[in-house]
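Participant: Just passing along the structure, written as structure tokens.
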Amino acid sequence: MQVSEIKDLSKLSVHTITTKPWSLNEAVNKFSKKGISGITIWRDALEGMVMHDVQSLLDDNGMSVAALCRGGFFPSVSNTKKIEAIVDNKKAIEEAAQIGAPMVVLVCGAEPGQPLEESRKQIQNGIEALLPFAKELNVKLAIEPLHPMYADNRSAINTLKQANDMCVAIEDPFVGVAVDVYHLWWDDTLQKEIERCGELNRLFAFHICDWKTPTSDLLLDRGLMGEGCIPVKKIRGWVEAAGFTGFNEVEIFSNKYWEMDQDQFLEKIIEAYLNNS
Ligand code: ZN
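Going letter by letter, the sequence shown gives residues 465 to 741 in our numbering.
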């Protein structure tokens with residue numbers, strides 16, 4: 465690797481949830497001052513903001529939005545809730561279009577009161593119900609498989625194979641996959657399924673962080689790349705070999721890091737990104 469490549473931040477995007485204590489305004493300004501041009505916006509960061517102002521803020525700072533996080537949560541035993549989910553997802557798609565986000569990332573959902581296969585059926589129905597609207601607004605939908613520990617109530621899609629299979633079943637170029645190393649690193653078919661995802665042309669997004677040992681909280685103690693046991697560089701290699709050219713999105717939920725000075729944390733993110741991903 466050449467020295468000029470080592471400092472390359474052009475493929476780095478930071479999720480707003482990673483620096484949760486910052487408002488969207490602060491995050492955009494701080495990221496852009498550090499030479500980071502990618503941002504992945506969580507819907508909570510948009511609360512109370514006028515979408516037109518968000519677009520101006522992004523444009524003025526030369527930021528590209530990698531994605532809007534997140535939609536989904538389709539399955540339910542209640543029909544009313546399923547309909548509400550579609551309404552809310554349409555709102556997310558609208559917001560994505562307004563802020564120039566090319567896709568909405570889907571945490572697909574699961575319903576503890578019904579079998580996983582039924583939840584997966586409802587996820588597929590939900591995505592298919594949204595598709596015409598998403599296409600009209602030119603916003604893609606990225607299925608994010610979640611670690612099996614979340615199969616009870618957050619996602620019935622827990623492997624890249626299941627996500628790829630759903631893409632094949634839906635068969636629409638607007639539906640693809642977000643690969644998150646935290647959720648998928650343990651899977652012995654990961655490399656093969658990443659290749660398959662690339663061949664299907666459905667590899668839409670790539671999320672990075674690390675799995676700490678011991679971890680004090682399975683949701684809110686994610687580590688910086690290099691702090692844990694995930695071979696981030698290796699997986700990035702597979703993703704790039706599969707043809708992915710998009711952002712490497714740093715997505716870290718961490719009570720520990722949210723408590724620290726966020727300027728110092730951003731320095732650590734950049735260092736970890738350059739050295740360990
Ligand atoms: Zn993710």
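Ideal Cβ positions, reconstructed from N, Cα and C, are used throughout, including at glycine.
Determine the burial state of H516: buried for a count of at least 16 other Cβ atoms within 10 Å of its Cβ, exposed for fewer.
Facilitator: Here residue 516 refers to the residue found at position 52 when the sequence shown is read from its first residue. H516 is exposed by the Cβ-count criterion.
Participant: Would you mind sorting Q626 into buried or exposed? The rule is 16 or more other CB atoms within 10 Å of its CB.
Facilitator: Translated into the one-based positions of the sequence shown, residue 626 becomes position 162. Result: buried.
Participant: Does DSSP put V541 in a helix, a strand or coil?
Facilitator: To locate residue 541, count along the sequence shown from 1; it is residue 77. V541: coil per DSSP, three-state reduction.
Participant: Starting from W722, trace the beta strand (DSSP E) both ways and give me its first and last residue.
Facilitator: On the sequence shown, position 258 is the one that residue 722 refers to. It is not in any beta strand (DSSP E) - W722 instead sits in the alpha helix (DSSP H) that spans 719-723.
Participant: Just the Cα atoms here: how many angstroms apart are L738 and K471?
Facilitator: Residue numbering aside, residue 738 sits at position 274 when the sequence shown is read from its first letter. Residue numbering aside, residue 471 sits at position 7 when the sequence shown is read from its first letter. Roughly 7 Å between the two C-alpha positions.
Participant: So the candidates are E490, A633, A598, L730; which of them puts its Cα closest to the Cα of V518?
Facilitator: The sequence position of residue 518 within the sequence shown is 54, counting from 1. V518 has its Cα closest to that of E490, out of E490, A633, A598, L730.
Participant: Report yes if the CB atom of Q586 is closer than 7 Å to the CB atom of P539, and no otherwise.
Facilitator: Counted from its first residue, the sequence shown places residue 586 at position 122. Counted from its first residue, the sequence shown places residue 539 at position 75. Contact flag set, yes.
Participant: CB of D644 to nearest heavy atom of ligand 1: below 6 Å?
Facilitator: As a working note, residue 644 is residue 180 in the sequence shown. Checking the Cβ of D644 against ligand 1 gives yes.
Participant: For the 8 Å Cβ check, are there 3 or more pairs between the region 722-735 and the region 667-680?
Facilitator: They do not touch, by the three-pair rule.
Participant: Looking only at C-alpha atoms, which of N543, A642, D524 sits nearest to G535?
Facilitator: Taking the first residue of the sequence shown as position 1, residue 535 is located at position 71. When only C-alpha atoms are compared, the closest one is A642.
Participant: Are N628 and E663 touching if we call contact CB-CB under 7 Å?
Facilitator: For the purposes of this step, residue 628 is identified with residue 164 of the sequence shown, where counting begins at 1. For the purposes of this step, residue 663 is identified with residue 199 of the sequence shown, where counting begins at 1. Their beta carbons are not under 7 Å apart, which means N628 does not touch E663 by this criterion.
Participant: Tell me, please, which residues DSSP counts as bridged to W506.
Facilitator: For the purposes of this step, residue 506 is taken as the residue at position 42 of the sequence shown. W506 pairs with C533.
Participant: By how many angstroms is the C-alpha of T504 removed from the C-alpha of L595?
Facilitator: As a first step, residue 595 is located in the sequence shown; it is residue number 131 there, counting from the start. As a first step, residue 504 is located in the sequence shown; it is residue number 40 there, counting from the start. Distance between the alpha carbons of L595 and T504: 22 Å.
Participant: For the beta strand (DSSP E) holding D524, just list the boundary residues, first then last.
Facilitator: In the sequence shown, counting from the first residue as 1, residue 524 sits at position 60. D524 -> not in any beta strand (DSSP E); alpha helix (DSSP H) instead, spanning 515-524.
Participant: Could you give the DSSP three-state label for I481: helix, strand or coil?
Facilitator: As a first step, residue 481 must be located in the sequence shown, where it is residue number 17. Coil, per DSSP.
Participant: Should the region 719-727 be called in touch with the region 703-711, which here means at least 3 C-beta pairs below 8 Å?
Facilitator: Counting Cβ pairs under 8 Å, fewer than three are found: no touch.
Participant: Could you check what DSSP says for H647 in three-state terms: helix, strand or coil?
Facilitator: Here residue 647 refers to the residue found at position 183 of the sequence shown. It is helical.
Participant: Return the CA-CA distance between I634 and W506, expressed in angstroms with no decimal places.
Facilitator: Here residue 634 corresponds to residue number 170 of the sequence shown, with the count starting at 1. Here residue 506 corresponds to residue number 42 of the sequence shown, with the count starting at 1. C-alpha separation (whole angstroms): 26 Å.
Participant: Taking the alpha-carbon of A556 as reference, which of L580, E581, N602, S474 has the nearest alpha-carbon?
Facilitator: Residue 556 sits at position 92 when you count from the first residue of the sequence shown. Closest by alpha carbon: N602.
Participant: May I ask whether a heavy atom of ligand 1 can be found less than 6 Å away from the beta carbon of E715?
Facilitator: Stepping through the sequence shown from its first residue, residue 715 is reached at position 251. E715: yes, Cβ under 6 Å from ligand 1.
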